[in-house]
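Peer 1:
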Amino acid sequence: QKEVEQDPGPLSVPEGAIVSLNCTYSNSAFQYFMWYRQYSRKGPELLMYTYSSGNKEDGRFTAQVDKSSKYISLFIRDSQPSDSATYLCASLQGQFGAGTQVVVTP
Amino acid sequence: DVKVTQSSRYLVKRTGEKVFLECVQDMDHENMFWYRQDPGLGLRLIYFSYDVKMKEKGDIPEGYSVSREKKERFSLILESASTNQTSMYLCASSQDRANYGYTFGSGTRLTVV
Numbered sequence: 005q006k007e008v009e010q011d012p013g014p015l016s017v018p019e020g021a022i023v024s025l026n027c028t029y030s031n032s033a034f035q036y037f038m039w040y041r042q043y044s045r046k047g048p049e050l051l052m053y054t055y056s057s058g059n060k061e062d063g064r065f066t067a068q069v070d071k072s073s074k075y076i077s078l079f080i081r082d083s084q085p086s087d088s089a090t091y092l093c094a095s096l097q098g099q100f101g102a103g104t105q106v107v108v109t110p
Numbered sequence: 067d068v069k070v071t072q073s074s075r076y077l078v079k080r081t082g083e084k085v086f087l088e089c090v091q092d093m094d095h096e097n098m099f100w101y102r103q104d105p106g107l108g109l110r111l112i113y114f115s116y117d118v119k120m121k122e123k124g125d126i127p128e129g130y131s132v133s134r135e136k137k138e139r140f141s142l143i144l145e146s147a148s149t150n151q152t153s154m155y156l157c158a159s160s161q162d163r164a165n166y167g168y169t170f171g172s173g174t175r176l177t178v179v
């Protein structure tokens with residue numbers, strides 16, 4: 005069993021909608037988590053990182069961690085076609101989810 | 067702009083060949099990593115290094131080796147390429163052991179025929 009699990013999607017939303025992405029993790033020792041965005045034929049780029057409690061907001065992006073349920077979420081508000089990419093969650097220890105492909109349609 | 071540069075975007079090699087994938091970072095980062103990325107499996111750690119001439123096995127080191135002779139350069143070696151090593155290979159670096167986020171290269175798409 006992978007230590008970080010993520011639904012691969014694809015997730016298709018209309019422009020302007022809220023995108024909701026989720027991961028689960030199994031290792032209680034994980035405390036820091038990162039979200040990466042990966043465009044086609046590119047390497048992943050760091051979006052944001054968050055500690056294992058509460059929310060962190062950065063512009064249109066909000067990351068949440070629910071330590072009790074071992075659940076990690078990323079929300080993208082007012083989604084744009086340029087947000088179409090694969091989003092990966094990861095632990096500080098370098099365990100990555102499989103990535104969720106997001107398609108934002110104009 | 068900080069960068070991790072992988073020497074090749076696309077490679078095609080024959081079964082049994084020895085393959086070298088090169089990665090260079092210009093950020094003076096301590097840590098460097100090699101991952102492979104496959105559909106449905108995500109990123110899997112092959113090897114990593116926290117210092118020059120130091121290397122540690124990741125989750126899937128079999129069939130691979132690495133070399134880090136200089137701080138900025140981390141090479142992945144496929145000793146005898148096999149078709150199941152066809153994959154996207156990603157190199158990454160991070161500043162220190164806290165690892166608050168990696169900087170990735172653009173990847174090398176390796177096809178072994």
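Residue numbers (our numbering), protein chains in the order written: chain Z, 5 to 110; chain V, 67 to 179. Note that beta-carbon positions come from the ideal geometry of N, C-alpha and C, so glycine has one too.
Please check the pair V/MET98 and V/SER115, which I expect to be a contact at CB under 8 Å, by giving their CB distance rounded to whole angstroms.
Peer 2: Here residue 98 of chain V refers to the residue found at position 32 of the second sequence. Here residue 115 of chain V refers to the residue found at position 49 of the second sequence. With 8 Å as the limit, V/MET98 and V/SER115 qualify as a contact, their Cβ atoms being about 5 Å apart.
Peer 1: Please state the DSSP three-state secondary structure of Z/PRO110.
Peer 2: Here residue 110 of chain Z refers to the residue found at position 106 when the first sequence is read from its first residue. Coil.
Peer 1: At the 9 Å Cβ level, is Z/TYR75 part of the contact set with chain V, yes or no?
Peer 2: In the first sequence, residue 75 of chain Z corresponds to position 71, counting from 1. No, Z/TYR75 does not count as interfacial toward chain V.
Peer 1: State the DSSP-derived secondary structure class of V/SER74, mapped to helix, strand or coil.
Peer 2: Numbered from 1 along the second sequence, position 8 holds the residue referred to as residue 74 of chain V. Three-state result, V/SER74: coil.
Peer 1: If distances are taken between C-alpha atoms only, which option among Z/GLU19, Z/PHE37, Z/TYR43 comes closest to Z/ASN59?
Peer 2: Residue numbering aside, residue 59 of chain Z sits at position 55 when the first sequence is read from its first letter. It is Z/PHE37 whose Cα lies nearest to the Cα of Z/ASN59.
Peer 1: Write down the C-beta distance between Z/ILE80 and Z/ILE22 rounded to the nearest angstrom, noting that I regard them as a contact closer than 8 Å.
Peer 2: In the first sequence, the residue the question calls residue 80 of chain Z occupies position 76. In the first sequence, the residue the question calls residue 22 of chain Z occupies position 18. The pair is a contact, with the Cβ atoms about 7 Å apart (cut-off 8 Å).
Peer 1: If you run the structure through DSSP and keep just helix, strand and coil, what is V/ASN97?
Peer 2: The count along the second sequence starts at 1 and reaches residue 97 of chain V at position 31. If DSSP states are grouped into helix, strand and coil, V/ASN97 belongs with the strands.
Peer 1: What residues from the stretch 32-50 of chain Z come within 9 Å of chain V, judged by C-beta to C-beta, listed N to C?
Peer 2: Per Cβ criterion, the list reads TYR36, MET38, TYR40, GLN42, ARG45, LYS46, GLY47, PRO48, GLU49, LEU50.
Peer 1: Nearest-angstrom Cα distance between Z/SER56 and Z/ASP70?
Peer 2: By one-based count along the first sequence, residue 56 of chain Z stands at place 52. By one-based count along the first sequence, residue 70 of chain Z stands at place 66. For Z/SER56 and Z/ASP70, the distance between alpha carbons rounds to 7 Å.
Peer 1: For V/LYS137 and V/VAL118, what's the separation of their Cα atoms in angstroms?
Peer 2: One-based indexing of the second sequence puts residue 137 of chain V at position 71. One-based indexing of the second sequence puts residue 118 of chain V at position 52. So the two alpha carbons sit approximately 5 Å from each other.
Peer 1: Let me know the secondary structure DSSP gives Z/SER86 once reduced to three states.
Peer 2: Reading the first sequence from its first residue, position 82 is the one you call residue 86 of chain Z. Reduced to three states, the DSSP call for Z/SER86 is helix.
Peer 1: Thinking C-alpha only, which one of V/LEU142, V/GLU128, V/ALA158, V/ALA147 is nearest V/THR71?
Peer 2: Stepping through the second sequence from its first residue, residue 71 of chain V is reached at position 5. Among V/LEU142, V/GLU128, V/ALA158, V/ALA147, the Cα nearest to that of V/THR71 belongs to V/ALA158.
Peer 1: Roughly how many angstroms separate the alpha carbons of Z/GLY20 and Z/PHE100, rounded to a whole number?
Peer 2: By one-based count along the first sequence, residue 20 of chain Z stands at place 16. By one-based count along the first sequence, residue 100 of chain Z stands at place 96. Cα to Cα, the separation comes out at about 28 Å.
Peer 1: Which residues of chain Z have a Cβ atom closer than 8 Å to the Cβ of V/SER172, listed in chain order?
Peer 2: As a first step, residue 172 of chain V is located in the second sequence; it is residue number 106 there, counting from the start. In chain order: ARG45, LYS46, GLY47.
Peer 1: For Z/GLY58, which residues does DSSP report across the bridge?
Peer 2: In the first sequence, counting from the first residue as 1, residue 58 of chain Z sits at position 54. Its beta-bridge partners are Z/VAL69.
Peer 1: Thinking just about the alpha-carbon of each residue, which of Z/SER95, Z/SER86, Z/THR104 is nearest to the one in Z/PRO110?
Peer 2: Here residue 110 of chain Z refers to the residue found at position 106 of the first sequence. Residue Z/SER86 is the option with its Cα nearest to Z/PRO110.
Peer 1: Just verifying my parser: in three-state terms, what is the DSSP assignment at Z/ASN31?
Peer 2: Counting from 1 along the first sequence, the entry for residue 31 of chain Z is found at position 27. Correct three-state label for Z/ASN31: coil.
Peer 1: Against chain Z, with Cβ distances strictly below 9 Å, would V/TYR101 count as a contact?
Peer 2: Counting from one through the second sequence, the residue named residue 101 of chain V turns up at place 35. For V/TYR101, the answer is yes, since a Cβ of chain Z falls inside 9 Å of its Cβ.
Peer 1: Please return the same chain residues whose Cβ sits closer than 7 Å to the Cβ of V/LYS123, not counting the five positions on each side in sequence.
Peer 2: Translated into positions along the second sequence, residue 123 of chain V becomes position 57. Contacts found: TYR113.
Peer 1: Quick one: is V/VAL78 buried, meaning 16 or more other Cβ sit within 10 Å of its Cβ, or exposed?
Peer 2: Your numbering for residue 78 of chain V matches position 12 in the second sequence. Classification for V/VAL78: exposed.
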